[in-house]
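The opening residue of the sequence shown carries number 417 in this note's numbering; numbering runs sequentially from there. Even glycine gets a Cβ: it sits at the ideal position worked out from N, Cα and C.
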Amino acid sequence: MKNYNQTVLITGATSGIGLELARLFAADNYNMVLVSRDEQNLNNVAANLQNMGAGRIIIIPKDLSIPNAAAEIFEITQQQNIHVDVLVNDAGVGEYGYFTETNLEKELGIIQLNISSMIHLTKLYLREMMAYDGPGKILQLASVASYQPSPMLAVYAATKAFILSFSDAIAYELKDSHVKVTSLIPNATDTDFFHKAGMEHTKAAQNNPEDPAIVAQIGYDALLKGEQHAYAPGVRQLAAVSSILSNQNVAMLVDKQMQPAEQR
Ligand SMILES: NC(=O)c1ccc[n+]([C@@H]2O[C@H](COP(=O)([O-])OP(=O)(O)OC[C@H]3O[C@@H](n4cnc5c(N)ncnc54)[C@H](OP(=O)(O)O)[C@@H]3O)[C@@H](O)[C@H]2O)c1
417 MKNYNQTVLI TGATSGIGLE LARLFAADNY NMVLVSRDEQ NLNNVAANLQ
467 NMGAGRIIII PKDLSIPNAA AEIFEITQQQ NIHVDVLVND AGVGEYGYFT
517 ETNLEKELGI IQLNISSMIH LTKLYLREMM AYDGPGKILQ LASVASYQPS
567 PMLAVYAATK AFILSFSDAI AYELKDSHVK VTSLIPNATD TDFFHKAGME
617 HTKAAQNNPE DPAIVAQIGY DALLKGEQHA YAPGVRQLAA VSSILSNQNV
667 AMLVDKQMQP AEQR
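Next up, the structure:
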């Protein structure tokens with residue numbers, strides 16, 4: 417497939433699911449705008465994606481936990497006359513621990529990254545896509561946590577519930593338009609997420625996490641087909657169970673997964 421006339425902007429493109437998504441877009445020859453915080457990592461990833469077949473690549477090192485980062489990214493793409501056909505809101509982090517003990521500044525940063533910057537980027541690029549003739553696509557990173565109030569990961573799970581609710585609502589608003597919104601809904605996936613969240617020792621992290629390449633492929637395929645939801649293996653069943661249990665019982669089950677894994 418030659419997509420040199422199509423541009424994808426991916427936040428969180430340097431690691432985990434975002435990196436695997438970036439590889440899929442590169443192999444299909446998209447032009448790419450890559451966003452994360454670490455400039456060196458962005459340069460290394462860009463060189464790699466170029467070798468895989470990507471078209472023009474630009475990197476934008478930005479911290480999306482800082483207000484206005486999204487507006488600055490949009491401004492840069494406007495100045496460079498880049499029309500974004502596909503927006504991938506992948507960057508997201510969590511913070512493990514009792515809410516009474518976790519760091520408030522970090523959690524407000526998580527809300528800024530997972531929610532506010534995602535909303536801001538979606539607003540700006542969606543308006544641009546709507547004004548443009550060609551098809552527009554947006555991929556949102558939800559989570560199995562979107563369905564689960566999660567003790568020890570309370571703020572993160574609530575941001576993911578927000579993302580799925582918001583994305584489903586705008587997908588409906590856009591149902592008769594040329595722009596489609598897809599939510600990718602992973603289960604636990606083998607990335608740096610658990611390390612960054614300080615929860616590598618938990619059952620949730622160690623219970624056979626999914627390969628991020630498989631998760632990314634599921635999201636990529638659904639995005640290209642314009643499907644609203646892309647479920648990683650097992651998520652549909654967990655979502656169904658969560659929907660029939662009370663939030664209290666879901667929280668009790670999730671809490672068990674948040675406990676330390678048995679020593680092997
Ligand atoms: N892994 C899982 O089990 C799992 C399950 C469900 C959903 N998800 C979701 O999948 C998405 C990707 O997570 P992942 O598991 O692939 O994690 P990951 O391997 O830690 O990758 C996170 C990416 O986001 C970037 N990032 C982090 N903080 C940022 C910030 N403040 N500003 C800009 N970029 C930032 C990171 O680069 P820098 O650190 O260099 O900025 C990195 O490229 C997240 O939205 C996560 O919630 C993950």
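Cβ-Cβ distance between residue i and residue j below 7 Å
i	j	result
L450	I475	yes
Q664	A620	no
G552	L600	no
Q556	N624	no
S658	Q564	yes
A443	M468	yes
S566	L580	no
L569	L529	no
L540	F490	yes
A648	E616	no
A613	E511	yes
N377	V666	A query on residue 377 cannot be resolved here, the shown segment of the chain reaching from 417 to 680 and no further.
S533	A486	yes
L503	I554	yes
L465	A438	yes
Q622	A677	yes
L440	V500	no
Endpoints, the alpha helix (DSSP H) within which residue i is located
i	result
N707	Here the chain covers residues 417 to 680 and nothing more, so residue 707 does not appear.
S658	V651 to I660
G642	It is not in any alpha helix (DSSP H) - G642 carries neither H nor E in the DSSP assignment.
A561	Segment: none, A561 is in no alpha helix (DSSP H) and carries neither H nor E.
Residue range of the beta strand (DSSP E) that includes residue i
i	result
I426	T423 to T427
Y647	H645 to Y647
M668	That residue, M668, is in no beta strand (DSSP E); its alpha helix (DSSP H) goes N663 to Q673.
S452	N447 to S452
Per DSSP, cross-strand counterpart(s) of residue i
i	result
Q556	N505 and S599
M720	The question about residue 720 has no answer, for the chain in this structure spans 417 to 680.
P676	T618
Cβ distance (whole Å) where residue i is taken to contact residue j below 8 Å
i	j	result
T598	A638	5 Å
T423	N447	4 Å
V571	I527	7 Å
F609	G432	6 Å
E436	A632	3 Å
S593	M546	7 Å
T618	Q675	7 Å
Any non-hydrogen atom of ligand 3 closer than 6 Å to residue i Cβ
i	result
S662	The model depicted lacks ligand 3 and carries ligand 1 instead.
Segments assigned alpha helix (DSSP H), at least 4 residues, entirely inside the segment 566 to 626: Taking only runs of at least 4 residues, the alpha helix (DSSP H) segments lying wholly in the segment 566 to 626 are 570 to 589, 609 to 613 and 619 to 622.
Which runs of the alpha helix (DSSP H) spanning at least 4 residues fall entirely within the segment 467 to 535, listed in chain order? Within the segment 467 to 535, the alpha helix (DSSP H) runs of at least 4 residues that lie entirely inside it are, in chain order, 485 to 495 and 520 to 527.
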